[in-house]
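Numbering (our numbering), first residue to last: 1 to 174. No residue lacks a Cβ here, since even glycine has one placed at the ideal position from N, Cα and C. All of these numbers come straight from a predicted model, not from anything done at the bench.
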């Protein structure tokens, strides 16, 4: 029985590591931002690397940049910032393709010890049969999901089914 458990666990881990690509910056219904809202600004610490950054687990978000390790991300043609309610979306264009990765930061909007901030990632629990997708696999067998088109209701379903990695605000940027 034990020899069957390990392959199941490995397959679950590789499925949950899949990246989801969108046809345009998300959410479509939110306007692009010139400045990042103050409630998302600050210096943050986490126990896992959020943005695929291997150099640092400390991130700085200012009114117009995201600093991850050695990289400074600004709002440009390859990086689009959006906000909706207590969500901040950093959309990152993949190479020269027409697909985007959407990084999601959530805050409960409270300050002090009651504040909760999390990086929300898209898990394997999403019912992909409800989407118009194209799935491909890399050499390491992790599946990438390419969504061909997406409506607002489908985006809300994805957002509702995200999972949280809690992060800690070290300090606010003034």
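- The Cβ atoms of residue 62 and residue 120 lie no closer than 8 Å to each other.
- In this structure, residue 41 sits away from residue 58, with a CB-CB distance that is not shorter than 8 Å.
- Rounded to the nearest whole angstrom, the C-alpha separation of residue 98 and residue 91 is 12 Å.
- Cβ-Cβ separation between residue 154 and residue 102: approximately 13 Å, too far for a contact (criterion under 8 Å).
- Shown here for residue 94: same chain residues with a beta carbon closer than 8 Å to its own, the five before and five after excluded, namely 21, 100 and 101 in chain order.
- A distance of 8 Å or more separates the beta carbons of residue 150 and residue 37.
- With respect to residue 33, residue 79 sits apart: the two C-beta atoms are not nearer than 8 Å.
- Residue state for residue 120 is assigned as strand, using DSSP reduced to three classes.
- About 5 Å separates the CB atoms of residue 133 and residue 145; that is less than 8 Å, so the two are in contact.
- Residue 88 is positioned such that its CB atom lies no closer than 8 Å to that of residue 60.
- When DSSP states are grouped into helix, strand and coil, residue 154 belongs to the helix group.
- Secondary structure of residue 112 (DSSP, three-state): helix.
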